Amino acid sequence: MFYHQIRLYEVLDEYRLYSPDGVRLLDQRRISAHRHGWEVFRVTRTVQQWVNDSTTNHGFFLTTTSLSGRHVNGSYVRFAQRSHHHNSKQPQLVVFTDVTKRVRVASYSILERARERARRKRRRNYMNARMHDALTRQLSSSAEGGRHRRATDVFQYSRRRKKSCSRHELYVDFDEIGWSGWIISPKGYNAYHCKGGCPFPLGQNQKPTNHATVQSIVHALRIGKDLGTPSCVPNKLYSISLLYFDDDENVILKQYDDMVAASCGCH
1 MFYHQIRLYE
11 VLDEYRLYSP
21 DGVRLLDQRR
31 ISAHRHGWEV
41 FRVTRTVQQW
51 VNDSTTNHGF
61 FLTTTSLSGR
71 HVNGSYVRFA
81 QRSHHHNSKQ
91 PQLVVFTDVT
101 KRVRVASYSI
111 LERARERARR
121 KRRRNYMNAR
131 MHDALTRQLS
141 SSAEGGRHRR
151 ATDVFQYSRR
161 RKKSCSRHEL
171 YVDFDEIGWS
181 GWIISPKGYN
191 AYHCKGGCPF
201 PLGQNQKPTN
211 HATVQSIVHA
221 LRIGKDLGTP
231 SCVPNKLYSI
241 SLLYFDDDEN
251 VILKQYDDMV
261 AASCGCH
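By the count of the UniProt record's numbering, the sequence shown reaches residue 267 at its end, each step adding exactly one.
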């Protein structure tokens, strides 16, 4: 099998392309002479430099040689030209930008809305805590009224409770799961996962729903038949962006929702 060496350079001086001082090597790779398709090069630092100083942008320079360094006949290795190939095969530069601006908010109405949201959140947390306390008192009174043995089991259960529900790392390598053939970037990401117990009593740090709070009490009292404890699951999810090839080998940048467990709770 024949191989060729592909080298990508940053042009420093467009009049001295074949001089060591005229270009700077960015990336290189060996490819099969029988291969066709896209080649992806990372040029982040160079593009960042161009953004900071546009006068340094003289473009890229791509060369193909044999493994011994000799130039290759153009009939053996060809690159898609703008005027001769479909748009889906044109060279592309994909740039990720952050256009978020920090704005100092001075508007009284905006501040008032923020304060009102904070007040509502405090009231909601207060009501949730009151409900949790009421349900806990109900459990205690029920246990004292003829269920002393069961109450003892509840306290023993609380002492034996396993590690609380929390978020743990889960790195997904796209190559390991067979997705590297169509995903260009990233090579993987941290999806995180939720693990841990949700035993009674549930604390507010476990972000329980009201249903989970009631379920934990019913489970502790052993009222419900075959009823387990609430589950430790993601209660907030984030999206990630993927750069990939579609079925027609077009390069697509798309945001995929609910890919990262941002936090965990008992539900």
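Even glycine gets a Cβ: it sits at the ideal position worked out from N, Cα and C. Remember, it's a predicted structure, so these values are computed and weren't measured experimentally.
- The alpha carbon of V40 has as its nearest neighbour, out of R167, A220, I183, P230, the alpha carbon of I183.
- Comparing C-alpha distances from S32 to each of T65, S263, S231, K195 shows the shortest one belongs to T65.
- Rounded to the nearest whole angstrom, the CA to CA distance from V172 to V251 is 22 angstroms.
- Nearest C-alpha to R167 among T63, N235, Q5: N235.
- By the CB criterion at 9 angstroms, S19 and D13 fall inside the cutoff.
- A straight-line Cα-Cα distance of about 31 angstroms links L25 and I240.
- Taken through DSSP and simplified to helix, strand or coil, V260 comes out as strand.
- Annotation: the continuous beta strand (DSSP E) that includes S241 extends over 232-245.
- Residue state for N250 is assigned as coil, using DSSP reduced to three classes.
- By the Cβ neighbour-count rule, G181 is exposed, with fewer than 16 other Cβ atoms within 10 Å of its own.
- In the three-state reduction of the DSSP assignment, H71 falls in the strand class, which pools E and B.
- The beta-bridge partner set that DSSP reports for N190 consists of Y171.
- Between L243 and L253, the C-beta spacing is below 9 angstroms.
- Between the C-alpha atoms of L8 and H267 there is a straight-line separation of about 52 angstroms.
- Taking a C-beta distance under 9 angstroms as the contact criterion, I6 and R29 qualify as a contact pair.
- Considering only N57, V94, V233, L237, the residue with the shortest C-alpha distance to D257 is L237.
- By the Cβ neighbour-count rule, A262 is exposed, with fewer than 16 other Cβ atoms within 10 Å of its own.
- Non-local beta-carbon contacts of D246 in its own chain, meaning distances under 6 angstroms to residues more than five positions away in sequence, involve I252 in chain order.
- Boundaries of the alpha helix (DSSP H) harbouring S216: 210-220, taken from the DSSP string.
- By the C-beta density criterion, A220 is buried, having at least 16 other C-beta atoms within 10 angstroms.
- Look at S19 here: in three-state DSSP terms it is coil, with no helix or strand label.
- Judged by DSSP in its simplified three-state form, K207 adopts coil rather than helix or strand.
- Along the segment 32-66, the beta strand (DSSP E) occurs as fully enclosed runs of 3 or more residues at 60-66, listed in sequence order.
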